[in-house]
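J.:
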Amino acid sequence: MSAATVHAGGEPDTGHPHHPLFRAMAPQPSIYMSAQHVERLSQLYSRPGFLLRRAHQIYVAIFEANFERLSLSPAQYSVMVALHDLHGVNQGDLAKAIGMNKVTVSQIVQALETRGWITRKKADDDRRQRQLTLTADGLRAVNQTAAMAEATYAEQMAPLSEPERQRLFKLLQRIVDELEPRARTPFEPVATGQPAPRGRASGTRSDRVLRKRTSRTEA
């Protein structure tokens, strides 16, 4: 029976080094045994981009678990909250107001329109544009989920004390402000109390970011 040892009972000894089962059960080399690879993985795990992505995955999981009854994703909820305040905004300006790309917003709008939560109509001042508005059902959904959103936020931020939260917000805001010109997806936040954005802002992207920064500083 090849080179494998045979017991008295006629069964092969799988502990023999030449037996194929022995070779299959033997420990195989692993990248985790390499100190170099472990070091690189450790560096990856400690990178802010990796941690931010992982934190976002956890936040999305918490949100979707709490909003499962309504089958709402965080992105869909963001669109509905924005439309709650930006009455009659067009799709392009909505995308910039919440920092999402137009394709994603278009898909979300279609899904919410199918559910009867959003309506689209031609703008009076530009018939090529479509104004987005929450329907009565959509408005009711946003108002009814306010408490759910606050509970979700509290659950997401539970590991941090209030002072820690404030420090985190300030640091994240600083990163966003300083690196905003390098973003691929436009983000033009609407100041509280200001009307919904209309048309394309003038100047370059960096100019618009600088103007927003200056206005916040002056305020």
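Under UniProt numbering, residues 1 to 219 are what the sequence shown spells out, in order.
Note that CB positions come from ideal geometry on N, CA and C, so glycine has one too.
Please list, in chain order, all residues of the same chain as valine 142 whose beta carbon is under 6 angstroms from its beta carbon, the five residues on each side excluded.
T.: Correct list, in chain order: Met80 and His84.
J.: Figure out for me which residue from Asp124, Pro48 and Val109 has the closest Cα to the Cα of serine 73.
T.: The candidate whose alpha carbon is nearest that of serine 73 is Val109.
J.: DSSP on arginine 54, reduced to helix/strand/coil?
T.: DSSP places arginine 54 in helix when its eight states are reduced to three.
J.: With DSSP as the reference, label glutamine 156 as helix, strand or coil.
T.: Three-state result, glutamine 156: helix.
J.: Check whether the segment 87 to 107 touches the segment 158 to 175, counting contact only when three or more Cβ pairs, one atom from each stretch, lie closer than 8 angstroms.
T.: They do not touch, by the three-pair rule.
J.: Measuring only the C-alpha atoms, how far is lysine 96 from glutamate 68?
T.: Roughly 27 angstroms between the two C-alpha positions.
J.: Taking one C-beta from the segment 41 to 60 and one from the segment 114 to 123 each time, how about it: are there three or more such pairs within less than 8 angstroms?
T.: At 8 angstroms Cβ cutoff, the stretches do not touch.
J.: Let me confirm a value: alanine 82 is counted as buried when at least 16 other C-beta atoms fall within 10 Å, else exposed. Which label applies?
T.: The residue is buried, with at least 16 neighbouring Cβ atoms inside 10 Å.
J.: Pop quiz: valine 89 and leucine 132 are said to be a contact at Cβ under 8 angstroms. What is the actual Cβ separation, rounded to whole angstroms?
T.: Between leucine 132 and valine 89 the Cβ distance is about 6 angstroms, and since that is below 8 angstroms, they are a contact.
J.: Leucine 94 to arginine 140, Cα distance in whole Å?
T.: So the alpha carbons of these two residues sit roughly 20 angstroms apart.
J.: Pick from Lys121, Pro163 and Arg54: whose alpha carbon is nearest that of histidine 87?
T.: Answer by Cα proximity: Lys121.
J.: For the alpha helix (DSSP H) containing glutamine 91, list its first residue and its last residue.
T.: Glutamine 91 -> alpha helix (DSSP H) spans 91 to 98.
J.: Going along the chain, which residues of its own chain have a beta-carbon closer than 7 angstroms to the beta-carbon of aspartate 137, five neighbours each way excluded?
T.: Answer for aspartate 137: Gly116 and Trp117, listed in chain order.
J.: Quick check on arginine 167: does DSSP put it in helix, strand or coil?
T.: Residue state, collapsed to three classes: helix.
J.: Would you report the Cα separation of arginine 128 and aspartate 177, rounded to the nearest angstrom?
T.: Rounded to the nearest angstrom, the two C-alpha atoms are 33 angstroms apart.
J.: When you compare the CB positions of phenylalanine 50 and threonine 152, do they come within less than 8 angstroms of one another, or not?
T.: No, the pair does not count as a contact, with Cβ atoms beyond the cut-off.
J.: So is tyrosine 45 buried or exposed if we call it buried at 16+ other beta carbons inside 10 Å?
T.: Under this definition tyrosine 45 is an exposed residue.
J.: For glutamine 156, which residues in the same chain have their Cβ closer than 6 angstroms to its Cβ, ignoring the five residues on either side in sequence?
T.: Cβ neighbours of glutamine 156 beyond the five flanking positions: Tyr59 and Ile62.
J.: Using C-beta distances below 7 angstroms, list every residue in its chain close to arginine 174, excluding the 5 sequence neighbours before and after it, in chain order.
T.: Within the same chain, arginine 174 has no close Cβ partners at all.
J.: Give the secondary structure of glutamine 131 by DSSP, where H, G and I count as helix, E and B as strand, and everything else as coil.
T.: Of the three classes helix, strand and coil, the one that applies to glutamine 131 here is strand, per DSSP.
J.: Is it right to say valine 105 is buried, meaning 16 or more other beta carbons lie within 10 angstroms of its own, or is it exposed?
T.: Counting Cβ neighbours within 10 Å, valine 105 comes out buried, since at least 16 surround it.
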